[in-house]
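Chemist: Quick note, my numbering runs 696 ahead of the 1-based positions in the sequence shown.
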Amino acid sequence: MVGDPAFTRRLLLGHGFGAALLLPATARADAARRAAATTAPRARAGGLPLVMLDPGHGGKDPGAIGVSGTFEKHVALGTAEELARLLRESGRYRVALTRQTDDFIPLDDRVGMAQAKGAHLFMSIHADALVDHGVRGASVYTLASSASDAQSAALAARENAADRFGGVEVHGISPHVAQILVSLVQHETRAGSARLQQSAVNSLGRDVKLLENPARHAAFAVLKASDIPSVLVEMGFMSNRADEAALREPAHRATVAVALHRAIDTYFTSENHLTHIAG
Ligand SMILES: [Zn+2]
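Structure representation (structure tokens):
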């Protein structure tokens, strides 16, 4: 049964996926039951897709700190709340957030929440910082085992380091096996993530300054082990005076939220189109 890709996938999605594959049959059956329970809500309640928004950082983890002292965690939450409001008002989506308060949430828990709720799309919202204060603009990332460029690799390292605030996470699985398992899951969601990424880049580009090569990829923990099309939006750079000043303004965050709302509409419209063709 382990050879069955669908079964393997369910195991991966359920719980600490390394354990599921390496344990005896009885444990695998337990894992499968848990996985089935976890994936069951994936069916769309009332036909409305569930969008999971993930405001980066929170609580003891401020995220990037801007040149004039603004915390990334606050602008991330502000934008996510505005986007959530727009999505709910449209009547086309159910919306959940990984945090609605200034609390610390470990990266794995954020992915776990999306899976437990059966989310159809996962969007993590951040604002980066660089030593070079001249760099500005928005970008959208998808998961990859290797980074698209050195800047993206460094960014993933910074974002992944958020978990240092919550203690060490041990999965009891070798990095090599983890890599194979993640690639199995990612194979089927990569296309959806890439489509969502392109929608977001196109939509943001209409109203917001973009970083050079704005569609990037890197190994973000918050996008890993997810069977849900997922992107990480970097709204700009807290280290750039113009970007930071803009992100402090509710009006600019609303512009970003409108652009992301439009991107999500485009994503689901094209998904429905594809489903009709396939069906
Ligand atoms: Zn961040």
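We put the CB at the ideal spot given by N, CA and C, even for glycine.
In the DSSP assignment, find the unbroken alpha helix (DSSP H) run with Gly-852 in it and report its ends.
Modeler: The identity of residue 852 in the sequence shown is Ala, whereas the question assumes Gly. Its alpha helix (DSSP H) spans residues 846-856.
Chemist: Please name the residue or residues paired with Ala-834 in a DSSP beta bridge.
Modeler: Partner(s): Leu-906.
Chemist: Applying the criterion that 16 or more other CB atoms from any shown protein chain within 10 Å of the CB defines a buried residue, is Arg-902 buried or exposed?
Modeler: Result: exposed.
Chemist: For ligand 1, I want to know if Arg-854 counts as a neighbour, meaning its beta carbon is within less than 8 Å of at least one of the ligand's heavy atoms.
Modeler: Under cutoff, so the answer is yes.
Chemist: Measuring alpha carbon to alpha carbon, tell me which residue in Gly-774, Ala-850, Gly-759 and Arg-886 is nearest Glu-768.
Modeler: Closest by alpha carbon: Gly-759.
Chemist: Is DSSP giving Ala-727 helix, strand or coil here?
Modeler: Low per-residue confidence applies at Ala-727: pLDDT is 41, beneath 50, and the placement is therefore not dependable, though the value from the model is reported in the following sentence. Ala-727: helix per DSSP, three-state reduction.
Chemist: For Glu-930 versus Ser-844, is the C-beta distance shorter than 9 Å?
Modeler: Not a contact, by the Cβ cut-off of 9 Å.
Chemist: Quick check on DSSP: helix, strand or coil for Ser-926?
Modeler: In the structure shown, Ser-926 sits in a strand (DSSP, three-state: E or B).
Chemist: Answer yes if the stretch 838-858 comes into contact with the stretch 770-787, meaning at least three C-beta pairs across the two stretches below 8 Å, and no otherwise.
Modeler: No: fewer than three Cβ pairs fall under 8 Å.
Chemist: Can you tell me whether Asp-824 sits near ligand 1, meaning its C-beta is under 8 Å from at least one heavy atom of the ligand?
Modeler: It does: the Cβ of Asp-824 is within 8 Å (strictly closer) of some heavy atom of ligand 1.
Chemist: Nearest to Leu-659 by CA position, among Glu-908, Lys-813 and Gly-765, is which residue?
Modeler: Lying before the first or after the last residue shown, residue 659 is absent from the chain, which here runs from 697 to 975.
Chemist: When you measure from the CB of Glu-768 to every non-hydrogen atom of ligand 1, does any distance come out below 8 Å?
Modeler: Flag set: Cβ of Glu-768 near ligand 1.
Chemist: For Glu-855, count neighbouring Cβ atoms within 10 angstroms of its own Cβ and tell me buried if that reaches 16, exposed if not.
Modeler: Buried, since its Cβ has 16 or more Cβ neighbours within 10 Å.
Chemist: Could you tell me if the beta carbon of Gly-759 falls within a distance shorter than 8 Å of some heavy atom in ligand 1?
Modeler: Yes, the Cβ of Gly-759 comes within 8 Å of a heavy atom of ligand 1.
Chemist: Do you know whose CA, among Ser-966, Glu-967 and His-957, lies nearest Leu-783's CA?
Modeler: It is His-957 whose Cα lies nearest to the Cα of Leu-783.
Chemist: Kindly indicate which residue of Gln-893, Asp-923 and Ile-924 has the alpha-carbon position closest to the one of Ala-911.
Modeler: When each option's Cα is compared against that of Ala-911, the closest is Gln-893.
Chemist: Using only alpha-carbon positions, find the residue among Arg-886, Phe-916, Leu-817 and Tyr-837 that is nearest to Asp-961.
Modeler: Nearest C-alpha to Asp-961: Leu-817.
Chemist: According to DSSP, is Arg-788 helix, strand or coil?
Modeler: If DSSP states are grouped into helix, strand and coil, Arg-788 belongs with coil.
Chemist: With DSSP as the reference, identify every bridge partner of His-753, one or two as the case may be.
Modeler: His-753 pairs with nothing; no bridge assigned.
Chemist: Confirm, please, whether the CB-CB distance from Arg-949 to Val-771 is below 9 Å.
Modeler: The answer is yes: Cβ separation under 9 Å.
Chemist: Check the DSSP bridge columns for Arg-817 and list the partner residues they point to.
Modeler: The question names Arg, but residue 817 is Leu in the sequence shown. For Leu-817, which the question treats as bridged, DSSP gives the partners Val-747.
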